[in-house]
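With the sequence shown counted from 1, adding 454 to any position gets you the working numbering. Note that beta-carbon positions come from the ideal geometry of N, C-alpha and C, so glycine has one too.
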Amino acid sequence: MIFGNDRNQLRALYFEAWRKHESGENLEPLEKQIAAVIAQHPEYQRYLKDYDAALTKDFLPEMGETNPFLHMGLHIAIQEQIGTGRPEGIVGLYKQLLLRCSDSHEAEHQMIDCLAETLWEAQRNGPPPPDEQRYLERVKKLLALS
């Protein structure tokens with residue numbers, strides 16, 4: 455799991471994992487997970503070519519930009535949820551969604567919107583942690599729509 459609030463430190467994890475992956479070095483388990491997510495996102499790999507620029511870049515949604523580090527971090531968060539079975543019920547919902555999607559990456563992409571909205575609400579509303587039940591409801595709604 456990735457911990458911390460230091461944006462530069464978190465982004466540095468992506469750079470190091472990708473550098474090691476590309477040079478064929480041995481990777482720690484978390485680095486393998488990060489490199490696998492980066493490999494699934496060739497559109498974001500360009501940000502990993504200029505360390506200094508990526509560390510200082512603000513990705514502004516109001517300018518139509520997607521933060522690649524946030525997006526990839528949400529993939530990792532969902533993978534962690536599935537791996538740990540938390541919140542309770544997420545694994546079953548993921549398996550149902552996976553049956554309707556072409557692959558796990560697409561299923562994760564659909565879940566990312568649910569997770570991002572839940573995290574945004576928690577950040578906007580203050581100290582209580584993200585509402586796991588609301589998150590699960592959002593994922594269930596995906597199943598009802600597909």
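Starting from R540, trace the alpha helix (DSSP H) both ways and give me its first and last residue.
Per DSSP, R540 belongs to no alpha helix (DSSP H) and is neither H nor E.
Could you tell me if E542 is buried or exposed, where buried requires 16 or more neighbouring beta carbons within 10 angstroms of its beta carbon?
The residue in question, E542, is exposed, as its Cβ has fewer than 16 Cβ neighbours within 10 Å.
Report, in whole angstroms, the separation of the C-beta atoms of L596 and L552, which I expect to be a contact under 8 Å.
Not confirmed; about 11 Å, so no contact.
State the start and end residues of the unbroken alpha helix (DSSP H) segment that holds K595.
For K595, the enclosing alpha helix (DSSP H) begins and ends at 586-599.
Could you give the distance in angstroms between the alpha-carbon of Y505 and the alpha-carbon of L467?
Those two C-alpha atoms are separated by around 11 Å.
Looking only at its own chain, which residues have a Cβ that is under 6 Å from the Cβ of R592, when we skip the five neighbours before and after it?
Cβ within range, chain order: C568.
Cβ-based neighbour list, V491, same chain, cut-off 7 Å, excluding 5 preceding and 5 following:
Excluding residues within five positions, the ones whose Cβ falls inside 7 Å are M526, H529, I530.
I need the straight-line Cα distance from M517 to Q533, nearest angstrom please.
A straight line joining the alpha-carbon of M517 with that of Q533 spans about 29 Å.
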